[in-house]
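Heads up: the sequence shown runs through residues 1054 to 1443, numbered per our numbering.
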Amino acid sequence: MEGTHTEHLVHRIATIRDRIEAGMDRREFLRTLVTGGYALGVAGALGVDDFLAADDGEVPIVTAHVRADPDDPWSLEERTRYVPADWYASVQKALELNELLARTALTGYLGSAVVPGSYDSGTATVSVGISSDPSSLRESFDGLLDGISLDIETIGDIEDIEQGPQNIEPRVVDSVSSDDVPSGVACETADSIATLGPVMYDPSSESEFFVTAEHAFDGGANTNGDYLSLPVDGSDSVELGPVSHAHPAEDVAAITPEGRVRPSNAIDTPSPSRVRGQLTRLGLADLIARDEQLEKVGAVTGHTTGAIQGIDAVTCFTDNFCRHGQIRWGGEMDLTDGDSGSVSYYADPMGDDEDVLIAGFNNARTWWPGQSYVWGVGAYRLTEMYGYHF
């Protein structure tokens, strides 16, 4: 009897080491991994030594991109971890199925997300929200599940987004006494208050940007005149700079620094923090498998923590397009008006005490019964789409 896709993939991965010879060049190494069922995107970042160092039944994955030199944003290195091959195979299959769901655009499809299981379970689930009868979805994808669980929830009428509190009191900086300002505090557009994110880098031009939520600009950020400012307690606001890049689907606006105030790697956390890098898609999957949590600091709700509920999520609840590469985490109470633009992060277990790794942005929350989480674009998605990194 033929085994499942996962069993075949695990077998191929387990036997690849027997076919790798010392001195194999990079091209042959990659070809061997790909023909053996290993993902090209992951294999391309690894070397022969990484792959051979894993124990039987394990494969290496890239979990984060981290600066070798904390003060040099261009000194990124891959950080790897060895994970069970059956778990890896299940997660890869779930990611592929989730992408297929989004491309198929079934009637009533509202979104989906990948939920990796624990390492011991070696499983993964695709969670789907749909507004119509789920039986047609199950029938369409029944032959493709191949060991992957499909968790379908029927969601009723989606009403307009509820208006948040009108009299919010965001945390603003007391003064601007240095040349940079930490993220996690309020920033303002001509239309609203949002949360300032940490410095975002563009390797193609070696530029650095202030960053916040694109929807904080009424009608969308305009690169021909919109500016971002920093409110200061008891003083006039400080202009940070003009919008240089607007990405509505990811809900991110990049602002070029103009003036003496520069974007910072620091986050206004309860204890000192410094951004050292960012998590990959599989790095987030690893955190779910180990039941780890993310944190955030918003200008209104402050510091909160919460479990990761799904990765590589597709969200079609708002606007006339779907948002891809989303992270679902925490609960609906972890975000309110004024918190958009904050980042979710994870304490770097291999760095200094203050080092953190960015997971992604926080842009919205659930407002319908039955589900409770914050969503926003993953940092890995911004890197894949535009090359940006933290």
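C-beta: ideal position from N, C-alpha, C; glycine also. All figures in this text were calculated on a predicted structure; none of them were measured in a lab.
Which of the three DSSP states is assigned to residue i in this structure?
i	result
ASN1151	helix
HIS1442	strand
PHE1263	strand
PRO1218	Only weak support is given to the placement of PRO1218: the predicted model assigns it a pLDDT of 48, under 50, and the value that follows is read from those uncertain coordinates. In the structure shown, PRO1218 sits in coil (DSSP, three-state: anything other than H, G, I, E or B).
ALA1274	coil
SER1393	coil
ALA1142	helix
ALA1166	strand
ALA1417	strand
SER1188	helix
ASP1405	coil
THR1133	strand
PRO1117	In the sequence under discussion, the amino acid at residue 1117 is Ala, which differs from the Pro named in the question. Strand.
ALA1352	coil
Under the rule that 16 or more other beta-carbon atoms within 10 Å means buried, what is residue i, buried or exposed?
i	result
THR1242	buried
ALA1121	exposed
GLU1206	exposed
THR1357	buried
HIS1298	buried
GLY1312	exposed
SER1236	buried
GLU1130	exposed
ASP1390	buried
PRO1448	As displayed, the chain neither begins before 1054 nor continues past 1443, which places residue 1448 out of reach and without an answer.
PRO1316	buried
GLU1303	buried
ASN1277	exposed
PRO1113	buried
GLY1440	exposed
ASN1415	buried
GLY1110	exposed
ASN1027	What is shown of the chain runs 1054 to 1443, which leaves residue 1027 out entirely.
PRO1310	buried
GLU1292	exposed
THR1133	buried
GLY1272	exposed
GLY1431	buried
VAL1427	buried
GLU1348	buried
Tell me which residue opens and which closes the alpha helix (DSSP H) that residue i is part of.
i	result
ILE1341	1334-1342
The beta strand (DSSP E) with residue i in it runs from where to where?
i	result
ARG1381	1376-1382
MET1438	First-last for MET1438: 1432-1439, but that is the alpha helix (DSSP H), not the beta strand (DSSP E).
GLY1110	Element bounds for GLY1110: n/a, residue is neither H nor E.
GLN1424	Element bounds for GLN1424: n/a, residue is neither H nor E.
LEU1410	1408-1414
ALA1360	1355-1368
SER1180	1177-1183
PRO1126	Taken as a continuous stretch (DSSP letters only), PRO1126 belongs to no beta strand (DSSP E), as it is neither H nor E.
ILE1205	1202-1207
So residue i packs on residue j, CB below 8 Å; how close in whole Å?
i	j	result
ILE1411	PHE1443	4 Å
ALA1274	SER1245	About 12 Å separates the two Cβ atoms, so there is no contact after all.
ALA1177	ILE1201	6 Å
VAL1181	LEU1198	Actually they are not in contact, since the Cβ atoms of VAL1181 and LEU1198 sit about 12 Å apart, beyond 8 Å.
ASP1124	GLY1175	ASP1124 to GLY1175, Cβ: 41 Å. No contact.
LEU1340	TYR1433	13 Å between Cβ atoms; not a contact.
ILE1308	PHE1262	6 Å
ILE1380	GLY1429	6 Å
TYR1172	VAL1136	7 Å
LEU1163	SER1184	6 Å
LEU1281	GLY1294	6 Å
THR1248	ASP1392	5 Å
TRP1382	SER1395	At roughly 12 Å, the Cβ-Cβ gap does not stay under 8 Å, so TRP1382 and SER1395 are not in contact.
ALA1366	ARG1224	Contact flag wrong, Cβ pair sits at about 28 Å.
ALA1306	GLU1259	The Cβ separation is near 20 Å, so there is no contact.
ALA1117	THR1333	6 Å
VAL1229	VAL1314	6 Å
3-residue-minimum beta strand (DSSP E) runs that sit fully inside the segment 1284-1348, ordered along the chain: 1288-1300, 1305-1308, 1315-1320 and 1327-1332
Whole beta strand (DSSP E) elements within the segment 1224-1261, 3-residue minimum: 1233-1236, 1239-1241, 1246-1248 and 1250-1255
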